[in-house]
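2 protein chains.
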Amino acid sequence: MKEFEQHLLLIPGPTPVPPPVARALSKPMIGHRALEFGELYAAVESALKQAFKTQSDMVILSCSGTGGMEAAISNTLSPGDSVLAISVGVFGDRFAKIAKVYGMDVDVLAFEWGRAADLAAVAEKLRTSGKQYKAVTVTHNETSTAVTNETKAIAALVREHGALLIVDCISGMLCTDFETDAWGCDVVVAGSQKAFMLPPGLAFVSVSERAKEAMVQSKCPKFYFDLAAMLESGTKRQTAYTPAVGLFFGLETAMELILKEGVDAVIARHKRLAEGVRAGVKATGLKFFMDEAHASNALTAILPPDGVDADKLRSLLSRKHSIVLSGGQGKLKGQIFRISHMGAVSERELLGALCALEMGLREMGYACDVGAAAHAAANVWMA
Amino acid sequence: MKEFEQHLLLIPGPTPVPPPVARALSKPMIGHRALEFGELYAAVESALKQAFKTQSDMVILSCSGTGGMEAAISNTLSPGDSVLAISVGVFGDRFAKIAKVYGMDVDVLAFEWGRAADLAAVAEKLRTSGKQYKAVTVTHNETSTAVTNETKAIAALVREHGALLIVDCISGMLCTDFETDAWGCDVVVAGSQKAFMLPPGLAFVSVSERAKEAMVQSKCPKFYFDLAAMLESGTKRQTAYTPAVGLFFGLETAMELILKEGVDAVIARHKRLAEGVRAGVKATGLKFFMDEAHASNALTAILPPDGVDADKLRSLLSRKHSIVLSGGQGKLKGQIFRISHMGAVSERELLGALCALEMGLREMGYACDVGAAAHAAANVWMA
Chain B
1 MKEFEQHLLL IPGPTPVPPP VARALSKPMI GHRALEFGEL YAAVESALKQ AFKTQSDMVI
61 LSCSGTGGME AAISNTLSPG DSVLAISVGV FGDRFAKIAK VYGMDVDVLA FEWGRAADLA
121 AVAEKLRTSG KQYKAVTVTH NETSTAVTNE TKAIAALVRE HGALLIVDCI SGMLCTDFET
181 DAWGCDVVVA GSQKAFMLPP GLAFVSVSER AKEAMVQSKC PKFYFDLAAM LESGTKRQTA
241 YTPAVGLFFG LETAMELILK EGVDAVIARH KRLAEGVRAG VKATGLKFFM DEAHASNALT
301 AILPPDGVDA DKLRSLLSRK HSIVLSGGQG KLKGQIFRIS HMGAVSEREL LGALCALEMG
361 LREMGYACDV GAAAHAAANV WMA
Chain A
1001 MKEFEQHLLL IPGPTPVPPP VARALSKPMI GHRALEFGEL YAAVESALKQ AFKTQSDMVI
1061 LSCSGTGGME AAISNTLSPG DSVLAISVGV FGDRFAKIAK VYGMDVDVLA FEWGRAADLA
1121 AVAEKLRTSG KQYKAVTVTH NETSTAVTNE TKAIAALVRE HGALLIVDCI SGMLCTDFET
1181 DAWGCDVVVA GSQKAFMLPP GLAFVSVSER AKEAMVQSKC PKFYFDLAAM LESGTKRQTA
1241 YTPAVGLFFG LETAMELILK EGVDAVIARH KRLAEGVRAG VKATGLKFFM DEAHASNALT
1301 AILPPDGVDA DKLRSLLSRK HSIVLSGGQG KLKGQIFRIS HMGAVSEREL LGALCALEMG
1361 LREMGYACDV GAAAHAAANV WMA
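Protein sequences, first through last, are from chains B and A. So in my numbering, spot 312 of the first sequence is number 312, and the numbers just go up one at a time. One gets my numbering by counting positions in the second sequence from 1 and adding 1000 to each.
If you want it as structure tokens, here you go:
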């Protein structure tokens, strides 16, 4: 990357931090047991409930998303409990790994990477496993494959089965429709470094009444991630242990921006950007990795053309155009590249990125017309 | 506090963040799997080793200090293991609580609050308990009572006993002499929001070779705090899960400032500030809560004079002079107040605070001469 150029971060977290949020991060520290912090806590808690569309209590953990996922498991379940982990990629597998670490009896219902969970298969598994699952885990938006699951329908099946529904909505929240209460989700996890436009370091966890009942039974050890301790401190508008105060300042500002725009408007913006980017990518002749019917609003996963190495392409785009894209994760390493359009990213930036992508592809020997992708994206955005 | 006044945060964490560090927190995000992050990681890891005086591997967890304490326990021990928790206050008790949560057999060797651990009593406990402790936990600097333990001597006893030594050095690191390797400490935990002059959100953990051997045997569940996973990622200059990238930027700048001053010079500065503040407090006629022979360099715990309510005094100082002090924790609530002199705090700020303290005391009916404390402190600092 050229030293003087502002780099364009199009990876699925951390996402770019807008200037007012960046400034808030630098505000002078305050004590986390002071009244001032209580006011800050109350403001961000109330704003997060609007983002989650929930009346349930929220916990704000000072850790990244994986810590929130671990808290969801270790607080509601016990060793030996049966868990069904629905997995469509790296992060679906992560829930299964965490539950195994805590000694649960985990069935993994895995689907081909790039596809969403098949509802009929989920229904059949719940009906025929011969088990009463204590919890089902699902990834609303699978970052590794750029797929969004039909969590609303899965939730209905899980409710019928009588299990808790634990949802990783880390890269999904604010990018795509999500209704914690209306869908009946019990524990939902989101993270600061995604559409919330903050640096990493905070995980947001909603806890339903059913989840609270399960917490009383849970026998897993936990201390820093003890949700009951956090909920109790929350009644005093505090956290059980020292919170990442600077990120709370940033969160307050980010949530002001988000609520001013409107939660549904933020989601619609992500949907619109995603549609434009997909139209642009199609115009270059490249193929998507993910099934387009379940394409994510948060990011797009792309197969490089024959003869083009995905990681070399990313490296060229970084060096020549100061664009940072993601490669594949896990078994997709080297197989795909991913463009995030999550958080504080503009049409203009994405237009520039699509043009630069075409330049990069052409430099690597793939015949494409620079401008075609931008033309197609603009047609979506101007419709 | 008056709106236009800069408040003076004299609590033992978060401590004030100096302007260059605050600016670094707002730097544009980078990907945590990018080469750039690897360079950042290597720089801060190397700097932290200098602060810890260790050649051991370091882990940087994105959480506050308590998460680091939990990681120290859950990674080196197993349910049923015998642990001796030496406690001189709230944070010594916290280690015992965490170990109990994980099912260890915990003996608490508690000392009167305000006093340091008695070495003869520690030696006797190790000799006469009839147990081979797997680990001993100790708080190097107990924030709740403003006492520094004789960790070097305790370490020698623990080495002789053949147990692991797990040290909470969260508020001690950079404030007071501490030598991880020379003293033979196995797991040492520090935190960003103390003398490191950063907001909360990072915990630093050093892991000795003995601790690594113990990690292999450990049967406690852990995922986000899995030190083996973090050490493995560390060899690639990455973290296992998304790190608090903004705080890493701040840490880089803070460590540049600290290493430029010199680790021993930073410690000497804290010692000097503490001596001045104690001389000032004495000049007002107030008594210390902590045994002066083991007074902390990081903060000072003070008994309010008869007839003065500690919390009302703090409230008055906050309202009239924009100074934030801490009260008592746990059973000391309402009994004491604490002045921190940790991190980015200057002689001038402490002189102002001592004068304001005298004004506050006088307003609350305690006869004292405004200026006497500053006079005494200045005599120390000008000697």
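Idealized CB from N, CA, C, for every residue including glycine.
Query, Result
"Just how far apart, CA to CA, sit B/V108 and B/A85?", "5 Å"
"With DSSP as the reference, identify every bridge partner of B/K194, one or two as the case may be.", "Paired residues: none, contrary to the question."
"Our contact map puts B/N141 next to B/A298 with C-beta atoms below 8 Å; I'd like the distance itself, whole angstroms only.", "5 Å"
"If the cut is a Cβ gap below 8 Å, which residues of chain A does B/V17 touch?", "S1026, P1028, M1029 and G1246"
"Quick check: is any heavy atom of the ligand NAP less than 7 Å from the C-beta of B/F91?", "You won't find the ligand NAP in this model; it holds no ligand whatsoever."
"Quick check on B/F52: buried or exposed, where buried means 16 or more other Cβ atoms within 10 Å of its Cβ?", "buried"
"Quick one: using the 10 Å Cβ neighbour count with 16 as the cut-off for buried, is A/N1149 buried or exposed?", "buried"
"Under the rule that 16 or more other beta-carbon atoms within 10 Å means buried, what is B/K194, buried or exposed?", "buried"
"Measure the alpha-carbon distance for B/Q386 versus B/C63 and round it to whole angstroms.", "Absent from the model: residue 386 of chain B. The displayed extent of chain B is 1 to 383, so no value can be given."
"Taking Cβ-Cβ distances shorter than 7 Å, what residues in chain B pair up with A/S1087?", "Chain B residues near A/S1087: none, gap ~16 Å exceeds 7 Å."
"Just verifying my parser: in three-state terms, what is the DSSP assignment at B/I170?", "coil"
"Closer than 8 Å, CB to CB, is B/F4 near chain A or not?", "no"
"So, at 8 Å on beta carbons, what are the nonlocal neighbours of B/H32 in its own chain, with the 5 sequence-adjacent residues on each side left out?", "Q238, T239, T242, P243 and V245"
"When DSSP labels each residue in this structure, what does A/R1033 get in the three-state scheme?", "coil"
"Nearest to B/T128 by CA position, among B/V106, B/M364 and B/H161, is which residue?", "B/H161"
"Consider the Cβ of A/R970: report whether some Cβ of chain B lies at a distance smaller than 8 Å.", "The shown model of chain A, from 1001 to 1383, leaves out residue 970 of chain A, and the question about it has no answer."
"Can you list the residues of chain B that A/A1241 reaches, using a CB-CB cut of under 7 Å?", "Before going further, note that residue 1241 of chain A is Tyr rather than Ala in the sequence given. Within 7 Å Cβ-Cβ: S64 and T66."
"Please check if any C-beta of chain A sits within less than 8 Å of the C-beta of B/A43.", "no"
"Taking 8 Å as the CB-CB cut-off, is B/V266 touching chain D?", "Structure shown: chain D not included; protein chains present are B and A."
"Run through the DSSP bridge pairs and tell me what A/I1060 is partnered with.", "A/F1204"
"Have a look at A/A1373 and A/L1048 and give me their C-alpha separation to the nearest angstrom.", "36 Å"
"Could you please tell me which residues of the region 1104 to 1136 of chain A, in chain order, have their CB closer than 7 Å to any CB of chain B?", "none"
"How about A/N1379 and A/M1215: are their beta carbons less than 8 Å apart?", "no"
"Name the residue from A/L1303, A/S1078 and A/V1207 whose alpha carbon lies nearest to the alpha carbon of A/Y1133.", "A/S1078"
"Could you have a look at B/A96 and say whether DSSP puts it in helix, strand or coil?", "helix"
"Taking 8 Å as the threshold (beta carbon to beta carbon), is B/H7 in contact with chain A?", "yes"
"Report the three-state DSSP secondary structure of A/A1310 (helix, strand or coil).", "helix"
"Check whether chain B comes within 8 Å of A/I1098, counting only Cβ atoms and requiring the distance to be less than that.", "yes"
"Which residues in the same chain have their Cβ closer than 7 Å to the Cβ of A/I1267, if we skip the five residues on either side of it in sequence?", "L1174, C1175, T1176 and D1177"
"In the region 225 to 254 of chain B, which residue ranges form an unbroken alpha helix (DSSP H) of at least 4 residues, counting only runs that do not cross its ends?", "227 to 234"
"Cβ of B/R314 less than 8 Å from any chain A Cβ?", "no"
"Compare the C-beta of A/F1223 with all C-beta atoms of chain B and state if any pair is closer than 8 Å.", "yes"
"A/P1020 CB to nearest chain B CB: under 8 Å?", "no"
"Who are the Cβ neighbours of A/A1295 in its own chain at under 8 Å, not counting the five residues just before and after it?", "A1146, V1147, T1148, A1274, R1278 and F1288"
"Spatial neighbours of A/F1196 within its chain, please: CB distance less than 6 Å, with the 5 preceding and 5 following residues excluded, ordered by chain position.", "A1254"
"Confirm, please, whether the CB-CB distance from A/S1326 to A/S1315 is below 8 Å.", "no"
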